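Heads up: the structure comes next, in structure tokens.
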Ligand code: 13P
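In my numbering, the protein residues as written are 801 to 1138.
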């Protein structure tokens, strides 16, 4: 398959991406929040439970894994990438080494992980990965993000993306403008514009083939502590406008992160975005928390009740699958939940 074909498969109509690539540290926080100990076995158990659900077959075109999971075996003895492929979904891997303090601007972060990346990518390909992810984070305040943070993160994203394509894997380019803060939606629009522009300048300089990439951006939202709440219609309008102006039309797919939105907010906003999508991009989801939160709670109460966990996960996956086609509604949400 070409990179473009892989990208298209990951965000094909009605499908999106499950971001199950929490680092061990993040997974520890998530498991602690539901009073489960973060052991290798428990992390695998939860993830395998999701990957063996029916919802995977119909609504999940790709799964982003953490390195630990990529190398694990399922209880049936097959590798986790093989288990994912059984649902006709594409296995992928987070390849960055996390956001670290940016020297010269210590309140900001730059994502590391380029050293030795070529060798790691070749190993991940052999283990079955066909796409990769690298996440950069940008905070919003009066002073930030600085142009230093915007430039250094864009440069790293582009070098990563070029290496991923060299290794025959689709790079997911994830520049995440964080929701933290009391800024309004206009500020998020402006910062996201600057961030995306710099990213695409660098991707072009590094000769990345855009049709073999997926962009994983934030939606255009007010900060989580902003007093001015805005409607989903407004969020959708601003998000589409920002993407149209700042993302080259060669890009195949756009799969949003959920970034701290509730499960239903993330679903509703994606639905509104797709209702007015007049671009050539396939627009879908690449959710972590917004796909897993309820399933994690259910699992933590009784890990053995796989059927119950599957029901919860299948529902969320289905609702987001509908949103990626602009076919979701609050009534359907209630009807299918019942
Ligand atoms: P959330 O959807 O929970 O923001 O996670 C997506 C992700 O992969 C962050 O890198």
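Every residue, glycine too, gets a C-beta built ideally from N, C-alpha and C.
Note that the coordinates shown come from a computational prediction; the quantities given were computed from them, not determined experimentally.
| Query | Result |
| --- | --- |
| For residue 986, the nearest candidate out of 1022, 899, 974 and 1097 (CA to CA) | 1022 |
| Proximity to residue 1097 [Cα-Cα], best of 905, 1016, 1111 and 1003 | 1111 |
| CB-CB length for residue 1048 against residue 989, believed under 8 Å | The Cβ separation is near 18 Å, so there is no contact. |
| Residue environment, residue 966, which counts as buried when at least 16 other CB atoms sit within 10 Å | exposed |
| Spatial neighbours of residue 1025 in its chain, beta-carbon cut-off 7 Å, leaving aside the 5 residues before and after | 981 and 982 |
| Any non-hydrogen atom of ligand 1 within 8 Å of residue 974 CB | yes |
| For residue 1077, the nearest candidate out of 1052, 1089 and 1126 (CA to CA) | 1126 |
| Which of helix, strand or coil DSSP assigns to residue 961 | helix |
| Minimum Cβ-Cβ distance from residue 984 to chain D less than 9 Å | Protein chain content of the structure displayed is limited to a single chain, and chain D is not contained in it. |
| Supposed contact pair residue 1055 and residue 1085 - C-beta distance, whole angstroms, cut 8 Å | 6 Å |
| The region 811–819 / the region 855–865 touching (three or more Cβ pairs under 8 Å) | yes |
| Inter-residue Cα distance where the pair is residue 901 and residue 950 | 14 Å |
| Beta-carbon proximity of residue 1053 to residue 1020, cut-off 9 Å | no |
| The beta strand (DSSP E) enclosing residue 989, as first and last residue numbers | Residue 989 -> not in any beta strand (DSSP E); alpha helix (DSSP H) instead, spanning 985–1005. |
| Assigned secondary structure, residue 906 (DSSP; H/G/I helix, E/B strand, else coil) | strand |
| Around ligand 1, Cβ to any heavy atom closer than 5 Å, ordered along the chain | 819, 935, 1057, 1058, 1059, 1087, 1088 and 1089 |
| Length of the line joining the Cα atoms of residue 1131 and residue 1064 | 12 Å |
| Closest residue to residue 1089 among 811, 833 and 806 (Cα-Cα distance) | 833 |
| Contact under 9 Å by Cβ, residue 978 with residue 953 | no |
| Residue 920 - containing alpha helix (DSSP H), residue span | 917–926 |
| Rounded separation between residue 886 and residue 880 - CA only | 10 Å |
| Alpha-carbon to alpha-carbon, residue 1032 and residue 1072 | 6 Å |
| Contact belief for residue 937 with residue 976 at Cβ below 8 Å, rounded distance in angstroms | 5 Å |
| Nearest-angstrom Cβ-Cβ length linking residue 895 and residue 869, presumed shorter than 8 Å | Not confirmed; about 13 Å, so no contact. |
| Straight-line Cα distance separating residue 957 from residue 914 | 9 Å |
| Residue 841 Cβ short of 8 Å to ligand 2 heavy atom set | For the structure depicted, ligand 2 is absent and the ligand set comprises only ligand 1. |
| Cut-off 6 Å between Cβ atoms - residues of its own chain near residue 844, not counting five sequence neighbours on either side | 872 |
| Status (buried if at least 16 other CB within 10 Å, exposed otherwise) for residue 935 | buried |
| Residue 997 to residue 1046 span [Cα, whole Å] | 6 Å |
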